[in-house]
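Student:
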Ligand SMILES: Cc1cc2nc3c(=O)[nH]c(=O)nc-3n(C[C@H](O)[C@H](O)[C@H](O)COP(=O)(O)OP(=O)(O)OC[C@H]3O[C@@H](n4cnc5c(N)ncnc54)[C@H](O)[C@@H]3O)c2cc1C
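In the UniProt record's numbering, the protein residues as written are 1 to 373.
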């Protein structure tokens, strides 16, 4: 069986991995380079921030993120030569208004990843001595991990490129879905070249709304820009991730610290701006004042594929027999990525599913209204 996948972010690349491992042939297209859009720009936190603020359907997929990445890292590393570093640094949250809900959430759902402790200042200092003394209390989630997402994408891309059943075509923008009697027969790129397959997957992230006109269905996905700032500190300098007012710091083992992130509705613009950068810096320096001593080495912005309630569309697209959706992961596409792709593969191949597929059904495209955050 041959599957064509449009879009090589985490959603498309993970879908390709799942499908080739089941013996399918896969062709993946990206309008630019593989793995360089939102999935590269993200922070790699393997949990929704404040999971209790999200639809349960988001948490249901995200809960599988860490364990599936551990498995994939073991499988891909010997071939790709890249370790994408699943670091269990834990996460401290200082938003006091969320403390009760966070503790109740942990108590109610008992998800190992959302194990949660209430900390006093002395305990905060023991775990992370760099936290400002103005924070007297915190919630601590010791199991929450992060991955180096640019390395993850590189590792998957290398693995797929050497695989005999995979063709990865970059700088190839798919413009047209060619449908005959409800079935997509082929897709056409910017050079009018046609590509045929048995099934087709749309995993075009923030660009997914572009298919609305051809499919005669409103696809309520919009780009929401998020900016990031990268610092370089000494190795293993910051012991834990920390978050306050939806701004966070993510330490990498080599001393890089990723700080983010903003939310801006400005179309497809990915130019970082000084005002947004300052708001990120203010929030991060408030949590970790000593960070001011270290240099900023990079800044960037990416486009999150926002969807109503942040619940992705995974499943067959209405009025088609062989066109599948895997898009709309908004703020949580990296942590939902492996389970989303597994669910998609199970649906395409008619296998038992790891979660209830109705929660993500693309039939929702018939009823969901455009909901901008
Ligand atoms: C600043 C920031 C921080 C984030 N932090 C986190 C985090 O810590 N944890 C987390 O889980 N998530 C995080 N996210 C969200 C996460 O990055 C996204 O949800 C996820 O990357 C979406 O993946 P995707 O594959 O759907 O989209 P993308 O990675 O954007 O990939 C879509 C691809 O489709 C291609 N494409 C589009 N149209 C076409 C076409 N017509 N033909 C061919 N190719 C096409 C694009 O070029 C692109 O490569 C963050 C996002 C941002 C921006």
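C-beta: ideal position from N, C-alpha, C; glycine also. In this text the structure is predicted, and so the values were computed from the model without any measurement.
Check for me: the beta strand (DSSP E) holding residue 189 runs from which residue to which?
Tutor: Here residue 189 refers to the residue found at position 189 when the chain shown is read from its first residue. 183-189 is the span of the beta strand (DSSP E), which, as asked, contains residue 189.
Student: Please go through the same chain and pick out, in chain order, the residues whose beta-carbon is closer than 8 Å to the beta-carbon of residue 234, but skip the five residues on each side of it.
Tutor: On the chain shown, residue 234 is found 234 positions in, with the first residue counted as 1. Same-chain partners within the cutoff: 255.
Student: Kindly indicate which residue of 191, 267, 109 and 220 has the alpha-carbon position closest to the one of residue 173.
Tutor: Stepping through the chain shown from its first residue, residue 173 is reached at position 173. Looking at the Cα atoms, 191 is the closest of the given residues.
Student: Taking DSSP as the reference, what is the three-state secondary structure of residue 128?
Tutor: Here residue 128 refers to the residue found at position 128 when the chain shown is read from its first residue. Looking at residue 128 - three-state DSSP - the assignment turns out to be coil, as it is neither helix nor strand.
Student: Skipping 5 residues on each side, what residues in its chain have a beta carbon closer than 6 Å to that of residue 165?
Tutor: Position 165 of the chain shown holds residue 165. Only 20 and 25 meet the Cβ criterion.
Student: Would you list the one or two residues that DSSP bridges to residue 140?
Tutor: Sequence index remark: in the chain shown, residue 140 carries index 140 (1-based). Bridge partners of residue 140: 92 and 117.
Student: Give the single residue among 346, 31, 93 and 77 whose Cα lies nearest to the Cα of residue 136.
Tutor: Counting from one through the chain shown, the residue named residue 136 turns up at place 136. Of the candidates 346, 31, 93 and 77, the one whose C-alpha sits nearest the C-alpha of residue 136 is 93.
Student: When you compare each of 28, 22, 108 and 87 to residue 11 by their alpha carbons, which one comes out closest?
Tutor: Position 11 of the chain shown, counting from 1, holds the residue named residue 11. Residue 11 has its Cα closest to that of 28, out of 28, 22, 108 and 87.
Student: Rounded to whole angstroms, how far is the Cβ of residue 202 from the Cβ of residue 212, which I believe are closer than 8 Å?
Tutor: Here residue 202 refers to the residue found at position 202 when the chain shown is read from its first residue. Here residue 212 refers to the residue found at position 212 when the chain shown is read from its first residue. 11 Å between Cβ atoms; not a contact.
Student: Enumerate in chain order the residues of its own chain whose CB-to-CB distance from residue 381 is below 7 Å, with the five nearest sequence positions on each side excluded.
Tutor: Absent from the structure is residue 381, since the part of the chain shown begins at 1 and ends at 373.
Student: Could you check if residue 207 belongs to the surroundings of ligand 1, using beta carbon to heavy atom distance under 7 Å?
Tutor: Here residue 207 is taken as the residue at index 207 of the chain shown, counted from 1. Within the cutoff, so yes.
Student: What are the boundary residues of the alpha helix (DSSP H) that includes residue 173?
Tutor: Here residue 173 refers to the residue found at position 173 of the chain shown. It is not in any alpha helix (DSSP H) - residue 173 carries neither H nor E in the DSSP assignment.
Student: Where does residue 336 sit, in a helix, a strand or coil, going by DSSP?
Tutor: Numbered from 1 along the chain shown, position 336 holds the residue referred to as residue 336. If DSSP states are grouped into helix, strand and coil, residue 336 belongs with the helices.
Student: Taking only the alpha-carbon atoms, compute the straight-line gap between residue 134 and residue 245 and give it to the nearest angstrom.
Tutor: Looking up residue 134 in the chain shown gives position 134. Looking up residue 245 in the chain shown gives position 245. Cα to Cα, residue 134 sits roughly 15 Å from residue 245.
Student: When you measure from the CB of residue 330 to every non-hydrogen atom of ligand 1, does any distance come out below 7 Å?
Tutor: Within the chain shown, the letter at position 330 stands for residue 330. Yes; taking the cut-off as 7 Å, the Cβ of residue 330 has a heavy atom of ligand 1 nearer than that.
Student: Between residue 30 and ligand 1, is there a pair consisting of the residue's CB and a ligand heavy atom that are separated by less than 7 Å?
Tutor: The sequence position of residue 30 within the chain shown is 30, counting from 1. Within the cutoff, so yes.
Student: Tell me whether residue 43, by its Cβ, gets closer than 7 Å to a heavy atom of ligand 1.
Tutor: Residue numbering aside, residue 43 sits at position 43 when the chain shown is read from its first letter. Result yes, Cβ under 7 Å from ligand 1.
Student: Cβ of residue 9 within 7 Å of any heavy atom in ligand 1?
Tutor: On the chain shown, residue 9 is found 9 positions in, with the first residue counted as 1. Yes.
Student: Say the cut is 7 Å; is the CB of residue 228 nearer than that to a heavy atom of ligand 1?
Tutor: For the purposes of this step, residue 228 is taken as residue 228 along the chain shown, with counting starting at 1. Yes, the beta carbon of residue 228 sits closer than 7 Å to at least one heavy atom of ligand 1.
Student: Should residue 374 be listed as close to ligand 1, given that the test is whether its C-beta is under 7 Å from any heavy atom?
Tutor: Nothing can be reported for residue 374: it is not among the residues displayed for the chain, which extend from 1 to 373.
Student: Using the Cα positions of residue 118 and residue 125, report the straight-line distance between them to the nearest angstrom.
Tutor: Here the question's residue 118 lines up with position 118 in the chain shown. Here the question's residue 125 lines up with position 125 in the chain shown. Between residue 118 and residue 125, the C-alpha separation is close to 13 Å.
Student: Taking the alpha helix (DSSP H) that residue 275 belongs to, which residues open and close that run?
Tutor: Against the chain shown, residue 275 aligns to sequence position 275. Segment 274-287, the alpha helix (DSSP H) holding residue 275.
Student: Tell me, to the nearest whole angstrom, how far the beta carbon of residue 224 is from that of residue 306; I am working on the premise that it is less than 8 Å.
Tutor: Position 224 of the chain shown, counted from the start, is the residue given in the question as residue 224. Position 306 of the chain shown, counted from the start, is the residue given in the question as residue 306. Confirmed, about 4 Å.
Student: Buried or exposed: where does residue 23 fall if 16 or more other Cβ atoms within 10 Å of its Cβ makes it buried?
Tutor: Position 23 of the chain shown, counted from the start, is the residue given in the question as residue 23. Classification for residue 23: exposed.
Student: Taking DSSP's pairing of strands, which residues face residue 220 in a bridge?
Tutor: For the purposes of this step, residue 220 is taken as the residue at position 220 of the chain shown. Residue 220 pairs with nothing; no bridge assigned.
Student: First and last residue of the beta strand (DSSP E) that includes residue 324?
Tutor: Mapped onto the chain shown, residue 324 falls at position 324. Start and end: 323-327.
Student: In whole angstroms, what separates the C-alpha of residue 112 from that of residue 328?
Tutor: Mapped onto the chain shown, residue 112 falls at position 112. Mapped onto the chain shown, residue 328 falls at position 328. Straight-line Cα distance between these residues: approximately 26 Å.
Student: Which residues in the same chain have their Cβ closer than 7 Å to the Cβ of residue 106, if we skip the five residues on either side of it in sequence?
Tutor: In the chain shown, counting from the first residue as 1, residue 106 sits at position 106. Answer for residue 106: 114, 115 and 116, listed in chain order.
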